[in-house]
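Everything below concerns the one structure shown next.
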Amino acid sequence: YEEGDAVNEGDALVELQINDSTFTLSAPCAGILAEVYYDEGETVERDEVICAIDIEDAV
């Protein structure tokens, strides 16, 4: 997904790799992907916000 794309609750947004395991992070709600705070391959610390979903503009 890219900024401005519509997402539905449960859509797979990103894959997180931790050591040798991969986890899928799903959208918690429907809306518009307003901002993505990390690029592919960047390290994300625990409890960091990865993206913002605007639920006000959801169709």
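Numbering of the sequence shown is given in this note's numbering, commencing with residue 4 and proceeding in unit increments.
Note that beta-carbon positions come from the ideal geometry of N, C-alpha and C, so glycine has one too.
Just so it is clear, the structure is predicted and the values come from calculations on it, not from any experiment.
>> If you reduce the DSSP assignment to three classes, tell me which class E6 lands in.
In response: Of the three classes helix, strand and coil, the one that applies to E6 here is coil, per DSSP.
> I think C54 touches L19, with their Cβ atoms under 8 Å apart; what is that distance to the nearest whole Å?
Replying inline: L19 and C54 do not touch by the CB rule: their CB atoms are close to 12 Å apart, not below 8 Å.
> Anyone know if the C-beta pair for V39 and E6 falls short of 7 Å?
Replying inline: Yes, these two residues count as a Cβ contact at 7 Å.
>> Less than 7 Å between the beta carbons of V36 and V10, yes or no?
In response: It should be noted that the sequence gives Leu, not Val, for residue 36. Contact: yes.
>> Distance cutoff 7 Å, beta carbons only. Does T27 sit that close to anything in chain D?
In response: No chain D appears in this structure, which consists of one protein chain only.
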